[in-house]
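Undergrad: Numbering follows my numbering, with no gaps: position 210 of the sequence shown is 211.
Even glycine gets a Cβ: it sits at the ideal position worked out from N, Cα and C.
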Amino acid sequence: MQMKPETVVIPIRKIHETAVIHPGARIGKDVEIGPYAVIGENVLIGDGTKIGAHAVIDGWTSIGKNCIIYPGASIGLEPQDLKFRGEKSYVFIGDNTKIREFATVNRATGEGEETRIGSNCLLMAYTHVAHNCIVGNNVIMSNAATLAGHVIVEDRAVIGGLAGVHQFVKIGRNAMVGGASKVVQDVPPFVIVDGHPAKVCGLNNVGIARAGLNETAKRNLKKAYKILYRSGLSLAQAIAVMEQELEACEEVEHMLRFLRNAERGICRSRREAGE
């Protein structure tokens, strides 16, 4: 009687033998590190995170749990900033975030300063997050979208492919930036902008629906949009009218707070620009 060969189970090595990992790096449980990846001395990688081949993670960088860093990504290296003088600065990345091939995330300029990306984000291939940026949770950056230094992106914003965002610009919650847009002023929450330079096209109704806002919030945001972009009022006048006429709800309060702090001015609408 011919015996079947015994099945041999070969354990999969989670850290490839060619990976270069500094002894000082702190690696969590069940972390996978691919071939030729480089992990620096001051890096912290959370449990269950996967690091792809040839990825480089350096500097004072902390990556959360169950993230996926795809091949060729570069995280935590020195900022592309002439003001940088070698100071100690940081990158923080939350849980469940995916950073695709050849994306770059630079650490901050300034002693003790930070670049931060939240949880459940998707940064597609060739995206760039520059020094001192703060990116919220559930943010999507499509291929080759670029954030200059000190940009703030609030939760659930979507930035289209090849879009470029000027330094110090703020992109509001649930906003959407169209592909190949040039964004040089703040993008209010819940709107869509597109163009070169970017102009407001309307409310981001799809994003609002996906956010699960109640009918009161939806109604208030429509009114807020008309006051802001259809009334012919200045920003200060529009804020004053919104404060008087809109029902109180968290979404309106957030928009008003954003508008009051729009230091670069806000993207205007195509109608206002005469397009």
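Beta strand (DSSP E) containing G77: first to last residue?
TA: Taken as a continuous stretch (DSSP letters only), the beta strand (DSSP E) holding G77 covers 75-78.
Undergrad: Per DSSP, which residues does S306 bridge with? Please list them.
TA: In the structure displayed, the chain extends from 2 to 276; residue 306 sits before or after that span and is not available.
Undergrad: Less than 9 Å between the C-beta atoms of A209 and K219, yes or no?
TA: The sequence given here places Ile at residue 209; Ala does not occur at that position. Yes, the pair counts as a contact, with Cβ atoms nearer than the cut-off.
Undergrad: Please report the residue range of the alpha helix (DSSP H) in which G208 lies.
TA: From DSSP, the alpha helix (DSSP H) with G208 extends over 206-211.
Undergrad: Quick test of your reading: A109 and Y127, contact by CB under 8 Å. State the CB separation rounded to the nearest angstrom.
TA: Incorrect: roughly 21 Å between the Cβ atoms, too far for contact.
Undergrad: Just to confirm the assignment, what range does the beta strand (DSSP E) spanning N107 have?
TA: First-last of the beta strand (DSSP E) with N107: 105-107.
Undergrad: So, with DSSP's three-state summary, where would you put Q3?
TA: Note that Q3 scores a pLDDT of 48, beneath 50, so its modelled location is shaky and nothing firm can be said.
Undergrad: Give the straight-line distance between the Cα atoms of G41 and K99, rounded to the nearest whole angstrom.
TA: C-alpha separation (whole angstroms): 20 Å.
Undergrad: Quick one: what does DSSP say H129 is sitting in, helix, strand or coil?
TA: Strand.
Undergrad: Relative to the alpha-carbon of Q81, which residue among T105, E246, L236, E264 has its alpha-carbon at the smallest distance?
TA: It is T105 whose Cα lies nearest to the Cα of Q81.
Undergrad: Consult DSSP for K99 and reduce its assignment to one of helix, strand or coil.
TA: Three-state DSSP puts K99 in a strand.
Undergrad: For A199, which residues does DSSP report across the bridge?
TA: DSSP output for A199 lists G196 as bridge partner(s).
Undergrad: Anyone know if the C-beta pair for F259 and P198 falls short of 9 Å?
TA: Cβ distance not < 9 Å, so F259 and P198 don't count as in contact.
Undergrad: One question on the structure: do R265 and Y230 come within less than 9 Å of each other, judged by their Cβ atoms?
TA: The answer is no: Cβ separation not under 9 Å.
Undergrad: Thinking V21 and T62 are a contact (beta carbons under 8 Å), I'd like their distance in whole angstroms, please.
TA: With 8 Å as the limit, V21 and T62 do not qualify as a contact, their Cβ atoms being about 15 Å apart.
Undergrad: Rank E252, L78, G49 by C-alpha distance to the C-alpha of V39 and give the top, closest one.
TA: The residue with the shortest Cα to Cα distance from V39 is L78.
Undergrad: Between which two residues does the alpha helix (DSSP H) carrying E252 extend?
TA: Looking at the DSSP string, the run of the alpha helix (DSSP H) that includes E252 is 251-261.
Undergrad: May I have the straight-line CA-CA distance separating R211 from E18, to the nearest angstrom?
TA: Taking the straight line from one Cα to the other gives about 43 Å.
Undergrad: In whole angstroms, what is the alpha-carbon distance linking I64 and I94?
TA: When rounded, the distance between both Cα atoms is 5 Å.
Undergrad: State yes or no: is the C-beta of S90 within less than 9 Å of the C-beta of H132?
TA: Yes, these two residues count as a Cβ contact at 9 Å.
Undergrad: Using a threshold of 9 Å, state whether the C-beta atoms of L222 and L214 are closer than that.
TA: Result yes, Cβ atoms of L222 and L214 sit closer than 9 Å.
Undergrad: Quick check on this structure: which residue in A74, I34, K66 has the alpha carbon closest to the alpha carbon of L124?
TA: Nearest C-alpha to L124: A74.
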